[in-house]
Amino acid sequence: MIDQKSVYNFNAGPSALPREVLEKAQAELVDFKESGMSIMEMSHRSATYEQVHNQAIERLRSLFSIPENYEVLFLQGGASLQFAMVPMNFLPDGKKASYIMSGAWSDKALKEAKTIGEVYEAASTKNTNYNRVPSSDEITFEETDAYVHITSNNTIFGTQFHEFPSTGNVPLIADMSSDILSRPLDVSQFGMIYAGAQKNLGPSGVTVAIIRKDLLDKANSEIPAILKYQTHSSNNSLYNTPPSFGIYMLGEVLGWMQQQGGIEKIAKRNEEKANLIYDAIDNSNGFYTGHAEKGSRSFMNITFRVADEELEKQFLEEAKEAGFVGLNGHRSVGGCRASTYNAVPYEACLALQKFMLDFQEKHK
Ligand SMILES: *Cc1c(COP(=O)(O)O)cnc(C)c1O
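Residue numbers (numbering that gives the first Met the number 0): 0 to 363.
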């Protein structure tokens, strides 16, 4: 192993990857499975690559218990391209799509969809600076809507849906970029799930899309081939050159998740990790304040402030010196944010809790 600066990585995205996966990738980098070349250098039509590709799909299906009537796609362009592809494929003329507004990313999704078709806000918590997610009874939609769009975890504001509205026959489409595979979910309550890989699943450059097959058949066919889900689905996500190294890494991260005991185990640990930090906030007598309302708290992104603004600057500076990376809040919210995705070790969260307690003790 190479000597390395040791840090606690709380980056919001791209973010921490499992150490074991990085080391395995390093060992396999130059000569992949005795092929005499790296995975990046070989044809995406080769049997060796195809095995990697299909294994990643299989692992995703098995870990997330994806039903047979759903297609798993690997796309590019990040979750941001999905903000456009979703309405291009699923929002026909004469129909409306309903967007649940719970933060900056749902805002971007809505804006992009507006350029394609007719959309409206199903509910919004903007008036309280997105410190909670709308409850199911606040959410409005119509039976004739093309779909309802939801952001399952609000990366910037640190809130998360802990239950999903039931939308009947209207497909529920979820951007799960920052909490996919962080907890078990019933995939069949969604028409589609999508996520950029770089928070919980692997490196940037791969986007996962999970789509119910009957929706694919009904999708708009009047758009360019590259933007049709159907194109990618009928070619097993090999219509054009896929991000092969990213898909290899994604497969390895999923393999690591299987070794950890699967999603239930990981979800339990994620809660324990986040609660270490929430406890430090809740027991601080107001020295630290959380941004999110308790019932909406995210187990992935913990947003908080230090009550005194000068002290907050000092907190962030001292944290940096102590080896904590990525604790600055998003520029639109300020304050502090700790992102505790799947690959962030329990020990890192414990160290942050200790740092918070020590800092408070010194400065109260
Ligand atoms: C990070 C993030 C995005 C943007 O993802 P890109 O892959 O950069 O396009 C979208 N939605 C959510 C919820 C995110 O956390």
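Just so it is clear, CB atoms sit at the ideal spot from N, CA and C, and this is done for glycine as well. Keep in mind it's a predicted model, so treat the numbers as computed, not measured.
**Request:** Give a single yes or no on whether W104 has its beta carbon closer than 8 Å to a heavy atom of ligand 1.
**Result:** yes
**Prompt:** For V6, which residues from the same chain have a beta carbon less than 6 Å from its beta carbon, with the 5 sequence-adjacent residues on both sides left out?
**Reply:** G322, V324
**Item:** Identified DSSP bridge partners for S123
**Value:** M100
**Prompt:** Are three or more beta carbon pairs between the stretch 68-78 and the stretch 269-281 nearer than 8 Å?
**Reply:** no
**Item:** Contact test: S295 Cβ vs ligand 1 heavy atom, cutoff 8 Å
**Value:** no
**Prompt:** Between Q81 and K293, what straight-line distance do the alpha-carbon atoms span, to the nearest angstrom?
**Reply:** 30 Å
**Request:** Return the Cβ separation of S187 and P66 in integer angstroms, given the expectation that the two are a contact with Cβ distance under 8 Å.
**Result:** 6 Å
**Request:** Whole angstroms is fine: what's the gap from P242's alpha carbon to Q313's?
**Result:** 41 Å
**Item:** Complete runs of the beta strand (DSSP E) confined to the stretch 29-117 [at least 3 residues]
**Value:** 69-74, 95-100
**Prompt:** Taking the alpha-carbon positions, what's the M0 to A266 distance?
**Reply:** Bear in mind that a pLDDT of 45 at M0, under 50, signals an unreliable position, so the number given afterwards is only what the model happens to contain. One C-alpha to the other measures close to 30 Å.
**Message:** For a test of the three-state rule: what should DSSP assign to F358, helix, strand or coil?
**Reply:** helix
**Request:** For the beta strand (DSSP E) containing G195, list its first residue and its last residue.
**Result:** 191-195
**Item:** Helix, strand or coil at V6 according to DSSP, with G and I counted as helix
**Value:** coil
**Request:** Would you identify the three-state DSSP class for G289, choosing helix, strand or coil?
**Result:** strand
**Request:** Starting from T150, follow its DSSP beta bridges and name the residues at the other end.
**Result:** D174
**Item:** Outcome for R367 when other beta-carbon atoms lying within 10 angstroms are tallied against a minimum of 16
**Value:** Limits of the chain in this structure are 0 at one end and 363 at the other, which puts residue 367 out of reach.
**Request:** Measure how close the beta-carbons of L90 and G116 come, nearest whole angstrom, since I'm counting them as under 8 Å.
**Result:** 4 Å
**Prompt:** Which class does C348 belong to by DSSP, given the choice of helix, strand or coil?
**Reply:** helix
**Message:** To the nearest angstrom, how far is the alpha carbon of W255 from that of P17?
**Reply:** 8 Å
**Request:** Select from M175, P183, R296, Y340 the residue whose C-alpha is nearest the C-alpha of S79.
**Result:** M175
**Item:** CB-CB length for G190 against Y146, believed under 8 Å
**Value:** 6 Å
**Asked** Using DSSP with H/G/I as helix, E/B as strand and the rest coil, what is S243?
**Response** helix
**Prompt:** Taking the runs of the alpha helix (DSSP H) that are 4 residues or longer, which of them lie wholly in the stretch 259-342?
**Reply:** 262-281, 308-320
**Item:** Classification of V132 by the beta-carbon crowding that lies within 10 angstroms, buried from 16 upward
**Value:** buried
**Request:** Tell me whether the beta-carbon of I192 lies closer than 9 Å to the beta-carbon of V205.
**Result:** no
**Message:** DSSP three-state label for M0, please.
**Reply:** Its pLDDT being 45, under 50, M0 is placed unreliably in this model, and the value from its coordinates should be taken loosely. Here M0 sits in coil by DSSP.
**Request:** Along the beta strand (DSSP E) that carries R211, what are the first and last residues, could you check?
**Result:** 206-211
**Asked** Any heavy atom of ligand 1 closer than 8 Å to the Cβ of A78?
**Response** yes
**Request:** With a threshold of 8 Å, establish whether the CB of N152 neighbours any heavy atom of ligand 1.
**Result:** yes
**Asked** For T166, does the three-state DSSP call read helix, strand or coil?
**Response** coil
**Message:** Looking at the strands, I want to know which residues DSSP matches up with Q159.
**Reply:** N152
**Asked** From which residue to which residue does the alpha helix (DSSP H) around E27 run?
**Response** 18-27
**Prompt:** Contact between the stretch 42-52 and the stretch 243-253: three or more CB pairs below 8 Å?
**Reply:** yes
**Asked** Does the pairing of the stretch 124-144 with the stretch 158-171 give three or more beta-carbon distances under 8 Å?
**Response** yes
**Item:** Q197: CB within 8 Å of a non-hydrogen atom of ligand 1
**Value:** yes
**Prompt:** Which residues in the same chain have their Cβ closer than 8 Å to the Cβ of M39, if we skip the five residues on either side of it in sequence?
**Reply:** S243, F244
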